[in-house]
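**Q** This structure is in structure tokens; I'll ask about it shortly.
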Amino acid sequence: DQQVKQNSPSLSVQEGRISILNCDYTNSMFDYFLWYKKYPAEGPTFLISISSIKDKNEDGRFTVFLNKSAKHLSLHIVPSQPGDSAVYFCAARKGNTPLVFGKGTRLSVIA
Amino acid sequence: NAGVTQTPKFRVLKTGQSMTLLCAQDMNHEYMYWYRQDPGMGLRLIHYSVGEGTTAKGEVPDGYNVSRLKKQNFLLGLESAAPSQTSVYFCASSELLGTVSYGYTFGSGTRLTVV
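Protein sequences, first through last, are from chains A and B. For the first sequence, the residue numbers in this note's numbering are 22 to 132. For the second sequence, the residue numbers in this note's numbering are 4 to 118.
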């Protein structure tokens, strides 16, 4: 069973607008959540994270929101830039276990 | 500062052949991981290691073996390659802070095709 779900395979946004990427999880024991960004022919790179004791974490143009009651998190990118076009993976873990990744969402930012 | 280096970057194998993928990290990280990425499937954990001399199974371990003889190296072996193992393989490492690992650093991947 898939514990981390990204139900939107792709998303297109105009440059300057907000991009919202969504992620749902089923395991209520997850205590740490991360977003990774991946360009073609490269490995994933860490973008932003949030602990389960928080509901928001912000880093520049990137903000992650966590709604534990809904088992849902989202990544907001404001304003979106063409260089943000990539595949975004949501990941989660429980304690010191390895990260569990979602299937990814391909973001295209159109100039 | 190379980070995580994977070799080879590309490989084509015939069904039944064997090969070893090498992952090397120079960050003195304790934990190392092998993931595979397939279209529409995201990143799935194959095996991982929590320290030199240790290995553990992940979500999709069948058909693969691993070894961690040195802290900086994590080898992934395919004894008899099958077309279902056609994938992009990513190695990652992370450091241990207290009792929790942080900061996964990924290599650039190995694209393997089994024909």
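The C-beta atom is built at its ideal place from N, Cα and C for all residues, glycine as well. Since the model is a prediction, treat every value here as computed from it, not as a measurement.
Whole-angstrom Cβ separation of A85 (chain B) and T18 (chain B), contact assumed at under 8 angstroms?
**A** Correct: roughly 6 angstroms between the Cβ atoms.
**Q** For G80 (chain B), does the three-state DSSP call read helix, strand or coil?
**A** G80 (chain B): strand per DSSP, three-state reduction.
**Q** Taking the straight line between their C-alpha atoms, what separation do you get for K75 (chain A) and T118 (chain A)?
**A** Those two C-alpha atoms are separated by around 20 angstroms.
**Q** Return the chain-ordered list of same chain residues with a C-beta closer than 7 angstroms to the C-beta of Q20 (chain B), the five sequence neighbours on each side being excluded.
**A** Once the five neighbours on either side are set aside, the close Cβ partners of Q20 (chain B) are A84.
**Q** Excluding sequence positions up to five away, which residues of its chain have a Cβ less than 8 angstroms from the Cβ of S70 (chain A)?
**A** Cβ neighbours of S70 (chain A) beyond the five flanking positions: Y53, F54, L55, W56, N78, V85.
**Q** Quick one: is K59 (chain A) buried, meaning 16 or more other Cβ sit within 10 Å of its Cβ, or exposed?
**A** Flag for K59 (chain A) reads buried.
**Q** Using beta-carbon positions only, say whether H50 (chain B) and T58 (chain B) come within less than 7 angstroms of one another.
**A** Contact: yes.
**Q** Could you tell me the boundaries of the beta strand (DSSP E) in which A107 (chain A) lies?
**A** Segment 107-114, the beta strand (DSSP E) holding A107 (chain A).
**Q** With respect to the beta strand (DSSP E) encompassing F4 (chain A), which residues constitute its N-terminal and C-terminal limits?
**A** An answer regarding residue 4 (chain A) cannot be provided, because it is not within the stretch 22 to 132 covered by chain A.
**Q** Quick check on the DSSP output: the beta strand (DSSP E) that includes D76 (chain A) runs from which residue to which?
**A** From DSSP, D76 (chain A) is part of no beta strand (DSSP E); its letter is neither H nor E.
**Q** So, do the region 66-79 of chain B and the region 95-105 of chain A have three or more beta carbon pairs nearer to each other than 8 angstroms?
**A** Because the criterion of three Cβ pairs below 8 angstroms is not met, the region 66-79 of chain B and the region 95-105 of chain A do not touch.
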